[in-house]
Structures are given as C-alpha cells and as structure tokens.
Amino acid sequence: MPDPTPTDAAALAFHDHDHLDCAADTLARAEAIARDHGARMTPVRRRVLQILLESHSAMGAYEILDRLGAEGFGNQPPVAYRALDFLVEQGLVHRIQRLNAFTACLCPGESHSPMFLICRACNRVAESSSGPFRDALAASAMAIGFQIERTTVEAVGLCPACAQAPA
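Note that the sequence shown covers residues 1369 to 1535 in this note's numbering.
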C-alpha cells in the first residue's frame, strides 16, 4: 500500500480496510524515521506505538500504562509519558487535546498540519489535512498582525457508521 496522505488516512479511520497492513506499514515507516533521526525505538516506545496502532481511536496515557503494566513493561506513569513524549517529538504520534489522549500518526515523515475528526459516539479519530482551514486562519491572523505559533484543529461529530446507526 502506498503511503497514505492525510486525506487518505481519514478515509482509513472511518471505513473498512486491511487494518493489519495499515498498522504494519505505519510502524515500519515510524521505525525508519526514528532510525533516520538517530533516535532509538526502545521496546517500550515501540510497544506504545503498536498499542496506538491497534485501532484508529485515541487512548489516554493511563490506558496505555495499564496495557504496558499488564505486559511487564512497568506501571509507573513516567514509563508511558516518556514513551509518548518521544513519539510526539518524532512526529509519530499526535496528542488530541480535547480527549487528553494520543493517536498514532498515519502519515509519519510527511510535513503536514493535520486536523482531527473525532467521532463522539465511538471515539475513532481520523487525521485529515487542514490546509485550506490553516491558510484561511493564517490570512486572518496576518491581517491583524498576529503571529500563529501553533494550531490544533479538532472537529467533533459522527463518523459514517455512527451517523447511520439507529438512535
């Protein structure tokens, strides 16, 4: 499968696809990126990324920590937080502010400013391109002399499956 664009990644999150292939491909690209950056993908870091790649949902640090503890990696909060900090710093994981949770980046190594589409019913998170939105925001800020340093766009709604489900 070719590397997905942020728009393709959004489609993957909300539609049927070969998720094992999706996760394996993303993990392989993430490991190559870490290696290229001279960073070490320790067993804990790798396992945290694998856990996040198991589904297209966001997970909280303590939920990840519970999994790590059950698998013998340790159950102290710094274990999960250090791994998550590393993965975010490397651009392999995104922090979803609204959920105080993390999700695997499906486009690691690509320069992109994603926006996150969060299903309020099933908690799936899709990563999509925020290009047009980001451009409009930058133009608006520039018009009043504001310098944007960081932008996170998170939209909450219903994914296609949940929108079609009976109430």
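Don't be surprised by glycine CBs; every beta carbon is placed ideally from N, CA and C.
Keep in mind that this is a model prediction, so the values were computed, not measured.
Asked                                                                                                          : Found
Residue interval of the beta strand (DSSP E) (run including Ala-1469)                                          : 1469 to 1472
For Pro-1476, the first and last residue of its enclosing alpha helix (DSSP H)                                 : Where Pro-1476 is concerned, there is no enclosing alpha helix (DSSP H), given that its DSSP letter is neither H nor E.
Phe-1470, buried or exposed, once every other Cβ within 10 Å from all chains shown has been counted against 16 : buried
Alpha-carbon to alpha-carbon, Thr-1410 and Tyr-1430                                                            : 19 Å
Counted within 10 angstroms of its Cβ, other Cβ atoms place Ala-1426 as buried (16 or more) or exposed         : buried
Within 9 Å, strictly: CB atoms of Ala-1535 and Leu-1460                                                        : no
Own chain residues within Cβ distance below 6 Å of Arg-1466, not counting five before or after                 : Glu-1522
Contact the segment 1411 to 1419 vs the segment 1440 to 1453: 3+ CB pairs below 8 Å                            : yes
For Leu-1505, the three-state DSSP class (helix, strand or coil)                                               : helix
Separation of Pro-1500 from Gln-1532, as counted between CA atoms                                              : 28 Å
Proximity of Leu-1436 and Val-1412 at Cβ, strictly below 9 Å                                                   : yes
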